[in-house]
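In the UniProt record's numbering, the protein residues as written are 1 to 117. Glycine included, C-beta positions come from ideal geometry on N, C-alpha and C. A short worksheet on the structure shown next.
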């Protein structure tokens, strides 16, 4: 039997954050929920995410800018503020261009591989 558990997404944040922090909150076959904390981090130059699962991401705190490659190959920037969410289909290339340099940017990311309806 599975135990009920929980924490606060805004607790346990480090004072120093030299690299992005990722905590897996829940994992099951075909599903992963992560809390990601960034403070000035961005994708390395030339790096693009191209992941096999879908991603639904909600920006809880801070600010970020993603660069997304559309199906036609055109690139576009997507600004995210608290409360903004985005669905990124599997294999849609994207990268983090910018996160707030001094404030925590807290993301809730849901990765899943089941078909969409």
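Item to complete: Starting from residue 85, follow its DSSP beta bridges and name the residues at the other end.
Response: 58
Worksheet entry | Integer-rounded CB distance, given that residue 104 should sit under 8 Å from residue 61 | 6 Å
Practice prompt. Pull up the CB-CB distance for residue 58 and residue 107, whole angstroms please, since I reckon it's below 8 Å.
Written response: 7 Å
Worksheet item: Based on the DSSP output, what are the partners of residue 49 in its beta bridges?
Response: 94
Worksheet item: Considering only residues of the same chain and omitting the five flanking positions on each side of residue 113, which have a CB-CB separation below 6 Å?
Response: 30 and 53
Worksheet item: The beta strand (DSSP E) spanning residue 10 covers which residue range?
Response: Premise fails: residue 10 is in no beta strand (DSSP E) and is neither H nor E.
Discussion item. Using CA atoms only, rank isn't needed, just tell me which of 74, 34, 10 and 38 is closest to residue 17.
Written reply: 38
Discussion item. Using only the alpha-carbon positions, how far apart do residue 72 and residue 5 sit?
Written reply: 43 Å
Worksheet item: Would you call the stretch 92-104 and the stretch 42-49 in contact, with 3 or more CB pairs under 8 Å?
Response: yes
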